[in-house]
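So the structure is just underneath, and the comments pick up after that.
Numbering (my numbering), first residue to last: 4 to 352.
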């Protein structure tokens, strides 16, 4: 793609998200979401591959549907209650419709079916943007509208997402689909605690973005798209393979890695709020996700790729990819747990 065109598209992507962040009016927020969607579509379709075009079409249709639902809900609320402000969303029909529309935007269960299919058709860099940056604008709206949304609906969507995210990834061999189901599960944890502690949702979102970025950049560096390809990583770069396994365990939420912090604090908060059953169910669904992360770790570190291959050996060219972002993000994805007391003190302020 022409660098000037790419610069314009990435600037529009940033503009759309910032516009949604800054808006308190539903129409302005809707405009930001539309700019965001229209900016990423050419980036998704730039490969000119049938799978990429299919993924782009599916993404466009789902996002257009969600945007139409948001516009319908906000217009309904303005008509019935006379309010356009995001904070003043008060009619039950409008609040439920907005919640389902934002769930569709984010890929939360039960409207998650598009996310694994779309992510599977994209290259890893575009998949990284879709899994991280594209979640910010809908989440900003969800946090603003959360006080008016039925708490039982939020908890139900959160628990269903953690369950679907864990269950869906069990039988996958494609790494992009596994990361898509991982995304659904993590978003479920965030929605679960959204109404009780929005600051915890922001903490979880920040750590999710760090860990997912590290996972995507590691796969891009190894040029791995399936579990079988992942098994060759150890012979290419043992250090990166060992760190990648730790990043995956951090995504699974194992101590003493960074990913344990949000899960620990969320379970603690749910118990304080008198929801021990929800906390128990969430912790049990986390075990499903942990299984497929362990499966990837096994492929990465405990399987040795056969040396006697019938295929032609690939050339080992000089490595030219910039690895500084990967190094910084991997350190953050692994070593932030000791900061938990500082984080809890900040959240208490």
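Even for Gly, the Cβ is constructed at its ideal location relative to N, Cα and C.
Item to check | Close Cβ partners of residue 105 (< 7 Å) along its chain, the five nearest in sequence each way excluded | outcome: Residues 141, 144, 145 of the same chain have their beta carbon placed closer than 7 Å to that of residue 105, with the five preceding and five following residues left out of the count.
Checklist entry - Looking only at C-alpha atoms, which of 32, 156, 69 sits nearest to residue 95? => result Among 32, 156, 69, the Cα nearest to that of residue 95 is on 156.
Checklist entry - Quick one: Cα of residue 15 to Cα of residue 28, how far? => result Distance between the alpha carbons of residue 15 and residue 28 is about 20 Å.
Item to check | 8 Å contact criterion, which residue 214 and residue 254 should meet: CB distance rounded | outcome: About 5 Å separates the CB atoms of residue 214 and residue 254; that is less than 8 Å, so the two are in contact.
Item to check | Complete runs of the alpha helix (DSSP H) confined to the region 146 to 188 [at least 4 residues] | outcome: Every unbroken stretch of the alpha helix (DSSP H) spanning 4 or more residues and falling wholly within the region 146 to 188 is given here in chain order: 154 to 171.
Item to check | Inter-residue CB distance, residue 303 and residue 247 (contact presumed, cutoff 8 Å) | outcome: Correct: roughly 6 Å between the Cβ atoms.
Checklist entry - Where does residue 126 sit, in a helix, a strand or coil, going by DSSP? => result Residue 126 falls in the coil class under three-state DSSP.
Item to check | Beta-carbon gap between residue 109 and residue 20 smaller than 7 Å | outcome: Against a cut-off of 7 Å, the Cβ pair of residue 20 and residue 109 comes out as no contact.
Checklist entry - Straight-line CA distance for residue 237 to residue 211? => result Straight-line Cα distance between these residues: approximately 25 Å.
Item to check | Cβ-based neighbour list, residue 84, same chain, cut-off 6 Å, excluding 5 preceding and 5 following | outcome: Close CB contacts of residue 84 within its chain, under the 6 Å cut and outside five residues either way in sequence, are with 93, 94 (chain order).
Next on the checklist: Taking its Cβ as the centre, do 16 or more other Cβ atoms sit within 10 Å of residue 292, making it buried, or is it exposed?
Outcome noted: Residue environment for residue 292: buried (at least 16 other C-beta atoms within 10 angstroms of its C-beta).
Next on the checklist: By the DSSP assignment, the alpha helix (DSSP H) with residue 15 in it spans what residues?
Outcome noted: DSSP places residue 15 in the uninterrupted alpha helix (DSSP H) bounded by 6 to 25.
Next on the checklist: Given this structure, state the Cα-to-Cα distance separating residue 190 from residue 208, to the nearest angstrom.
Outcome noted: C-alpha separation (whole angstroms): 8 Å.
Item to check | Span of the alpha helix (DSSP H) around residue 211 | outcome: Counting along the chain, the unbroken alpha helix (DSSP H) around residue 211 starts and ends at 201 to 225.
Checklist entry - Thinking C-beta only, is residue 55 closer than 7 Å to residue 130? => result Taking a C-beta distance under 7 Å as the contact criterion, residue 130 and residue 55 do not qualify as a contact pair.
Next on the checklist: Just verifying my parser: in three-state terms, what is the DSSP assignment at residue 229?
Outcome noted: In this structure, DSSP gives residue 229 an extended state, which the three-state scheme calls strand.
Checklist entry - In whole angstroms, what separates the C-alpha of residue 329 from that of residue 68? => result The straight-line gap separating the alpha-carbon atoms of residue 329 and residue 68 is approximately 35 Å.
Item to check | Own chain partners of residue 229 with C-beta closer than 8 Å, once the 5 adjacent residues on each side are dropped | outcome: Answer for residue 229: 176, 177, 178, listed in chain order.
Checklist entry - What are the boundary residues of the alpha helix (DSSP H) that residue 346 is part of? => result Here the alpha helix (DSSP H) through residue 346 covers 343 to 351.
Checklist entry - Is it true that the region 221 to 235 meets the region 254 to 265, where meeting means three or more beta-carbon pairs spaced less than 8 Å apart? => result Counting C-beta pairs closer than 8 Å gives fewer than three between the region 221 to 235 and the region 254 to 265, which falls short of the contact rule.
Item to check | Counterpart residues of residue 88 in DSSP-defined beta bridges | outcome: Paired residue(s): 28.
Checklist entry - Residues in its own chain within less than 8 Å of residue 63 by CB, not counting five upstream and five downstream? => result Once the five neighbours on either side are set aside, the close Cβ partners of residue 63 are 40, 44.
Checklist entry - When DSSP labels each residue in this structure, what does residue 259 get in the three-state scheme? => result In the structure shown, residue 259 sits in coil (DSSP, three-state: anything other than H, G, I, E or B).
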